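Protein chains in written order, with this note's numbering: chain Z, 84 to 465; chain A, 14 to 351. Don't be surprised by glycine CBs; every beta carbon is placed ideally from N, CA and C. All values derive from a computational prediction rather than experimental measurement. Worksheet: one structure, shown below.
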Amino acid sequence: MSAQEEADHGVTSEPARVDDEPIRILDEDGTVLPGAEVPDLSADELLSMYEDVALARRFDQRAISLQRQGRIATYAPMTGQEGAQVATSYALEKRDWLFPTYREHAAKYVHGMRLESLLKPLRGHRDGYAIPDDVNVLPEYIPIATQLPQAVGMAWGNELQGRTDRAVLCHFGDGATSEGDFHEGLNFAGVFDVPAVFVCNNNQWAISVPRDRQTASETIAQKAQAYGIEGVRVDGLDPLAVYEVTREALKKAKNPTDDERRPTLIEAVQYRYGAHTTADDPSVYREDDEADAWRRKDPLDRLRNYLYSEGILDEEREADIDERIGAQIDDAIEAAENADADPDSIFEHVYDELPDRLREQRDELNALREKYGDDAFSEVLE
Amino acid sequence: MSSATAPAAETDADRLTLVEAVRDGLYAEMSADDRVVVLGEDVGKNGGVFRATDGLYEEFGGDRVVDTPLAESGIVGTAIGLALSGMRPVAEIQFMGFSYPAFDQLVSHAARFRSRSHGAYTVPMVVRMPYGGGIRAPEHHSESTETFFAHEPGLKVVSPSTPFDAKGLLTAAIRDPDPVVFLEPKLLYRAVREDVPTGSYEVPLSDAAIRREGSDVTVYTWGAMTRPTLIAADNVAEEYGVDAEVVDLRTLSPLDVETIVDSFEKTGRAVIVHEAPKSVGLGAEVAATVQEHALLYQEAPIKRVTGFDAPVPLHALEDYYLPQAVRIQDGILETVDF
Ligand SMILES: Cc1ncc(C[n+]2csc(CCOP(=O)(O)OP(=O)(O)O)c2C)c(N)n1
Chain Z
84 MSAQEEADHG VTSEPARVDD EPIRILDEDG TVLPGAEVPD LSADELLSMY EDVALARRFD
144 QRAISLQRQG RIATYAPMTG QEGAQVATSY ALEKRDWLFP TYREHAAKYV HGMRLESLLK
204 PLRGHRDGYA IPDDVNVLPE YIPIATQLPQ AVGMAWGNEL QGRTDRAVLC HFGDGATSEG
264 DFHEGLNFAG VFDVPAVFVC NNNQWAISVP RDRQTASETI AQKAQAYGIE GVRVDGLDPL
324 AVYEVTREAL KKAKNPTDDE RRPTLIEAVQ YRYGAHTTAD DPSVYREDDE ADAWRRKDPL
384 DRLRNYLYSE GILDEEREAD IDERIGAQID DAIEAAENAD ADPDSIFEHV YDELPDRLRE
444 QRDELNALRE KYGDDAFSEV LE
Chain A
14 MSSATAPAAE TDADRLTLVE AVRDGLYAEM SADDRVVVLG EDVGKNGGVF RATDGLYEEF
74 GGDRVVDTPL AESGIVGTAI GLALSGMRPV AEIQFMGFSY PAFDQLVSHA ARFRSRSHGA
134 YTVPMVVRMP YGGGIRAPEH HSESTETFFA HEPGLKVVSP STPFDAKGLL TAAIRDPDPV
194 VFLEPKLLYR AVREDVPTGS YEVPLSDAAI RREGSDVTVY TWGAMTRPTL IAADNVAEEY
254 GVDAEVVDLR TLSPLDVETI VDSFEKTGRA VIVHEAPKSV GLGAEVAATV QEHALLYQEA
314 PIKRVTGFDA PVPLHALEDY YLPQAVRIQD GILETVDF
């Protein structure tokens with residue numbers, strides 16, 4: 084390619100960077116590693132990050148137990164992954180966009196979604212997907228990897244419309260890296276050099292299929308190289324490292340230097356401690372002690388230990404935080420459980436304007452409800 | 014056409030659920046034919062998220078029960094290649110709602126290899142997918158989009174409603190020389206048990222089943238809706254003396270036109286029940302078929318009792334979306350009272 088052609092395509096021949104060893108700031112016990120630099124966060128910011136990780140952990144425990152009691156439907160737990168979720172969202176500015184999966188409860192919460200909206204779909208109410216006007220979060224993506232090309236499109240669209248102050252951050256799992264959409268998305272991201280950050284939450288498993296069954300490449304981060312973008316591996320159980328790496332990637336996305344490309348693929352190396360969902364039983368495919376080894380690097384413990392050693396957190400503050408979290412989650416559960424569903428809402432939001440056919444179908448349903456009563460509808464479906 | 018009940022089996026039988034019958038069918042064909050391989054997401058060690066392949070990995074090993082990377086287009090495309098090589102792949106798509114990445118492979122290639130190659134190459138493969146609603150599943154897990162596949166020439170589309178049929182139809186599908194999309198109604202996976210012969214047998218991919226004989230009206234349905242339809246038929250018989258015939262299509266493409274039309278000629282009235290949205294659903298095809306062949310027998314407008322032309326709601330409202338016995342019953346009475 085000639086220099087002119089390169090300029091026309093906005094492409095530089097700078098090789099993509101990949102580091103194999105995950106970036107880490109905190110040691111497993113929460114001490115700062117020699118030579119590592121702690122991100123520039125105030126004590127209040129650090130405390131609030133800790134509070135959100137703790138809230139995510141508690142939310143997860145409560146959700147699992149609600150599911151066991153039959154009070155919510157199938158739930159995708161995140162314990163072990165809260166640190167990465169919270170830290171990636173802390174790196175976002177409010178105007179940046181988040182493309183979450185079905186497991187990114189904490190990432191969504193930190194970027195502005197209410198806890199109660201996270202619970203409502205699990206109670207069967209689609210209105211939990213409603214996004215407040217000032218919150219830049221897409222509804223959770225359930226089909227795997229489909230969000231990547233869309234995230235690229237939004238990042239590109241923002242750029243084309245001159246909104247260069249915002250980037251897009253897109254979460255997905257290690258399993259997602261097998262789908263065509265992952266490759267198509269990253270390829271477009273590289274070709275159009277869009278302001279997007281791709282976060283692969285590599286929790287080692289896609290339901291029962293281990294990471295080494297998804298790909299024969301040594302790391303996921305190295306896949307970035309094939310698309311001419313930057314790849315970074317980070318310890319996903321180290322919230323400070325995840326925050327720093329994501330913040331840098333977002334900064335570069337919005338404002339690269341001459342030798343940098345905007346997009347980054349971050350591989351956050353972590354672990355799913357529990358089941359894939361509450362419908363899954365990991366004991367069928369995985370050894371118990373595998374989880375134990377990862378638990379020793381727990382993100383909540385690491386952050387807590389660090390904050391204690393810095394004198395930012397103490398027992399009194401921790402108790403306050405615990406109490407606040409408990410009350411917040413109780414309120415959210417109560418609100419979600421008190422929600423009602425109106426059968427008319429089945430027909431809402433399908434189109435901008437309700438077509439005649441749908442209006443007829445809605446009226447037909449209501450006539451039947453009138454005639455037979457609502458109980459008749461919950462009678463037989465087993 | 015075959016009768017409503019399973020023929021008295023000469024072999025032993027086990028009382029199986031529908032999902033166990035699927036597994037039993039896979040086991041039997043894998044034992045009988047080395048070319049049969051199972052591939053998909055979580056089908057190996059985990060035995061499938063619905064346990065449809067439970068124990069097969071232990072029995073046949075990882076070369077024949079293959080956990081693939083998470084990539085539907087990869088799974089179906091690879092299955093096509095396996096079939097071209099002479100294997101008999103049975104691919105699992107974990108949920109029908111996740112089959113769309115593979116749609117291109119299915120409709121552009123699996124469906125038309127025979128015609129594209131003038132019969133030189135064929136792809137004898139089965140793609141199994143759980144489908145349908147009623148189990149409080151998350152978004153994208155409850156749809157019933159059989160029309161997409163039935164609309165495609167070259168694909169056969171099958172949906173069993175009983176454990177006996179599940180094994181027999183799956184066996185026929187695996188042995189069929191053409192690609193078969195095998196749709197498993199997950200609402201029925203564990204709903205009932207019935208005798209399923211331990212040996213191999215086929216339920217032909219050409220025949221609808223008459224589940225209940227009747228003379229006043231024919232109700233056409235398939236998959237999970239067969240059960241509420243039979244309940245509704247019993248209700249109208251008991252409470253209103255209306256004698257409904259229930260036809261379970263079983264094979265959605267190609268349709269058993271003869272059974273469909275014969276029944277309509279007998280009753281002169283039709284209700285069609287499916288959980289998919291009404292517009293451009295298979296119900297329209299059944300209605301057009303009876304009108305083409307038996308217009309002069311028609312005594313009343315043909316009624317469709319279906320899901321609505323809206324996305325399947327999350328579970329709080331799912332019972333209002335899926336046709337319930339009460340809606341089916343109402344549809345039958347409206348047709349008979351016309
Ligand atoms: C296209 C598609 N295929 C299959 C599924 C079913 N499924 C849901 S989650 C999952 C595993 C996902 O693993 P990974 O991408 O690593 O994310 P994780 O759940 O581990 O966070 C599968 C196979 C799906 N949701 N979408």
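- On the DSSP bridge assignment, give the partners of residue 198 (chain A) in chain order. The count along the second sequence starts at 1 and reaches residue 198 (chain A) at position 185. In DSSP, residue 198 (chain A) forms a bridge with A:144.
- Message: If we define contact as Cβ-Cβ less than 8 Å, is residue 433 (chain Z) a contact residue for chain A?
- Response: Looking up residue 433 (chain Z) in the first sequence gives position 350. At least one chain A Cβ lies under 8 Å of residue 433 (chain Z).
- Message: Excluding the 5 residues flanking residue 324 (chain Z) on each side, which residues of the same chain have their C-beta closer than 6 Å to its C-beta?
- Response: As a first step, residue 324 (chain Z) is located in the first sequence; it is residue number 241 there, counting from the start. Closer than 6 Å at Cβ, skipping near neighbours: 106, 107, 108, 317, 318.
- Message: Do residue 196 (chain A) and residue 170 (chain A) have their beta-carbon atoms positioned less than 8 Å apart in this structure?
- Response: The residue labelled residue 170 (chain A) in the question sits at position 157 within the second sequence. The residue labelled residue 196 (chain A) in the question sits at position 183 within the second sequence. Yes, they are a contact pair.
- So which residues on chain Z does residue 6 (chain A) lean against when the C-beta distance must stay under 8 Å? Shown here, chain A extends from 14 to 351; a query on residue 6 (chain A) therefore has no answer.
- Message: Please state whether the Cβ-Cβ distance between residue 67 (chain A) and residue 36 (chain A) is less than 8 Å.
- Response: Indexing the second sequence from 1 puts residue 67 (chain A) at position 54. Indexing the second sequence from 1 puts residue 36 (chain A) at position 23. Going by C-beta atoms, residue 67 (chain A) is nearer than 8 Å to residue 36 (chain A).
- Message: One question on the structure: do residue 104 (chain A) and residue 52 (chain A) come within less than 8 Å of each other, judged by their Cβ atoms?
- Response: What you label residue 104 (chain A) is simply residue 91 of the second sequence in a count that begins at 1. What you label residue 52 (chain A) is simply residue 39 of the second sequence in a count that begins at 1. Their beta carbons are under 8 Å apart, which means residue 104 (chain A) touches residue 52 (chain A) by this criterion.
- Query: Near residue 164 (chain A), what residues of its chain come up, given a Cβ to Cβ distance below 6 Å and the 5 sequence neighbours on each side ignored?
  - Reply: Working through the second sequence from its first residue, we reach residue 164 (chain A) at position 151. Same-chain partners within the cutoff: there are none.
- Item | Contact set for residue 224 (chain Z): own chain, Cβ-Cβ below 6 Å, skip 5 residues either direction | Residue mapping note: residue 224 (chain Z) aligns to position 141 of the first sequence, counting from 1. 184, 230.
- Message: Please report whether the beta-carbon of residue 262 (chain Z) lies at a distance below 8 Å from any beta-carbon of chain A.
- Response: In the first sequence, residue 262 (chain Z) corresponds to position 179, counting from 1. For residue 262 (chain Z), the answer is yes, since a Cβ of chain A falls inside 8 Å of its Cβ.
- Item | CB contact check: residue 188 (chain Z) to chain A, cutoff 8 Å | Numbered from 1 along the first sequence, position 105 holds the residue referred to as residue 188 (chain Z). So no, residue 188 (chain Z) is outside the interface.
- At which residues does the alpha helix (DSSP H) containing residue 270 (chain Z) begin and terminate? To locate residue 270 (chain Z), count along the first sequence from 1; it is residue 187. That run of the alpha helix (DSSP H) goes 263 to 275.
- Message: Which of the three DSSP states is assigned to residue 185 (chain Z) in this structure?
- Response: The count along the first sequence starts at 1 and reaches residue 185 (chain Z) at position 102. Residue state, collapsed to three classes: coil.
- Confirm the yes/no value for this check: CB of residue 82 (chain A), any heavy atom of ligand 1, distance under 7 Å. Counting from one through the second sequence, the residue named residue 82 (chain A) turns up at place 69. It does not: the Cβ of residue 82 (chain A) is nowhere closer than 7 Å to a heavy atom of ligand 1.
- Counting Cβ pairs closer than 8 Å, one from the region 56 to 66 of chain A and one from the region 214 to 228 of chain A, do we hit at least three? Not touching, per the Cβ criterion.
- Burial state of residue 440 (chain Z), where buried means 16 or more other Cβ atoms lie within 10 Å: Locating residue 440 (chain Z) in the first sequence gives position 357, where the first residue counts as 1. Classification of residue 440 (chain Z): exposed, given that the 10 Å Cβ count is below 16.
- Query: Taking Cβ positions, are residue 287 (chain A) and residue 295 (chain A) nearer each other than 8 Å?
  - Reply: Along the second sequence, read from residue 1 onward, the residue named residue 287 (chain A) stands at position 274. Along the second sequence, read from residue 1 onward, the residue named residue 295 (chain A) stands at position 282. For residue 287 (chain A) and residue 295 (chain A), yes; Cβs fall inside 8 Å.
- Assign residue 232 (chain Z) to one of three DSSP states: helix, strand, or coil. One-based indexing of the first sequence puts residue 232 (chain Z) at position 149. Looking at residue 232 (chain Z) - three-state DSSP - the assignment turns out to be helix.
- Message: Between residue 273 (chain A) and residue 260 (chain A), how many whole angstroms is the CB-CB distance? I'm expecting something under 8 Å.
- Response: By 1-based counting over the second sequence, the position of residue 273 (chain A) is 260. By 1-based counting over the second sequence, the position of residue 260 (chain A) is 247. The Cβ separation is near 7 Å, so the contact holds.
- Message: Please confirm whether residue 346 (chain Z) has its beta-carbon closer than 8 Å to some beta-carbon of chain A.
- Response: Within the first sequence, residue 346 (chain Z) is the residue found at index 263, counting from 1. With 8 Å as the cut-off, residue 346 (chain Z) does not count as an interface residue toward chain A.
- Measure the alpha-carbon distance for residue 135 (chain Z) versus residue 128 (chain Z) and round it to whole angstroms. Position 52 of the first sequence, counted from the first residue, corresponds to residue 135 (chain Z). Position 45 of the first sequence, counted from the first residue, corresponds to residue 128 (chain Z). Distance between the alpha carbons of residue 135 (chain Z) and residue 128 (chain Z) is about 11 Å.
- Message: Using a 10 Å radius around the Cβ and a threshold of 16 neighbouring Cβ atoms, would you call residue 134 (chain A) buried or exposed?
- Response: Position 121 of the second sequence, counted from the first residue, corresponds to residue 134 (chain A). Residue 134 (chain A) comes out exposed.
- Message: Counting only C-beta atoms, is residue 208 (chain Z) closer than 8 Å to chain A at any point?
- Response: Here the question's residue 208 (chain Z) lines up with position 125 in the first sequence. So, interface residue.
- Query: Looking at C-alpha atoms only, which residue of Z:143, Z:169, Z:103, Z:152 is the closest neighbour of residue 320 (chain Z)?
  - Reply: Taking the first sequence and counting its residues from 1, the one referred to as residue 320 (chain Z) is at position 237. Selection Z:143, Z:169, Z:103, Z:152 evaluated against residue 320 (chain Z) yields Z:169 as nearest (Cα-Cα).
- With distances taken from CA atoms, which of A:81, A:144, A:317 is nearest residue 162 (chain A)? Looking up residue 162 (chain A) in the second sequence gives position 149. Checked all of A:81, A:144, A:317; the closest Cα to residue 162 (chain A) is A:144.
- DSSP puts residue 224 (chain Z) in a beta bridge; with which residues? Stepping through the first sequence from its first residue, residue 224 (chain Z) is reached at position 141. Per DSSP, Z:184.
- Please say whether residue 192 (chain A) and residue 109 (chain A) have beta carbons closer to each other than 8 Å? Residue 109 (chain A) sits at position 96 when you count from the first residue of the second sequence. Residue 192 (chain A) sits at position 179 when you count from the first residue of the second sequence. Contact: no.
- Item | Within-8 Å CB hit, residue 26 (chain A) to chain Z | As a first step, residue 26 (chain A) is located in the second sequence; it is residue number 13 there, counting from the start. Taking Cβ atoms only, chain Z never reaches closer than 8 Å to residue 26 (chain A), which makes this a no.
- Quick one: Cα of residue 266 (chain A) to Cα of residue 386 (chain Z), how far? Sequence index remark: in the second sequence, residue 266 (chain A) carries index 253 (1-based). Sequence index remark: in the first sequence, residue 386 (chain Z) carries index 303 (1-based). Cα-Cα distance, rounded: 59 Å.
- Query: Which term fits residue 154 (chain A), buried or exposed, when burial requires 16 or more other beta carbons within 10 angstroms of its beta carbon?
  - Reply: Along the second sequence, one-based indexing puts residue 154 (chain A) at 141. Result: buried.
- Residue burial classification, residue 285 (chain Z) (beta-carbon count within 10 angstroms, cutoff 16): Mapped onto the first sequence, residue 285 (chain Z) falls at position 202. So residue 285 (chain Z) ends up on the buried side.
- Item | Cβ of residue 9 (chain A) within 8 Å of any chain Z Cβ | A query on residue 9 (chain A) cannot be resolved here, the shown segment of chain A reaching from 14 to 351 and no further.
- Task: Report the residue from A:142, A:132, A:83 whose alpha carbon sits nearest the alpha carbon of residue 290 (chain Z).
- Result: Taking the first sequence and counting its residues from 1, the one referred to as residue 290 (chain Z) is at position 207. For the residues A:142, A:132, A:83, the minimum Cα distance to residue 290 (chain Z) belongs to A:83.
- Anything in chain A within Cβ reach of residue 357 (chain Z), meaning under 7 Å, just list it in chain order. Within the first sequence, the letter at position 274 stands for residue 357 (chain Z). Those within 7 Å of residue 357 (chain Z) in chain A number zero; the least Cβ separation is about 15 Å.
- Return no unless some Cβ of chain A is closer than 8 Å to the Cβ of residue 461 (chain Z). Your numbering for residue 461 (chain Z) matches position 378 in the first sequence. For residue 461 (chain Z), the answer is yes, since a Cβ of chain A falls inside 8 Å of its Cβ.
- Answer with yes or no whether the minimum CB distance from residue 98 (chain Z) to chain A is below 8 Å. Residue numbering aside, residue 98 (chain Z) sits at position 15 when the first sequence is read from its first letter. Annotation note: pLDDT 44 at residue 98 (chain Z) (below 50); position unreliable, no value reported.
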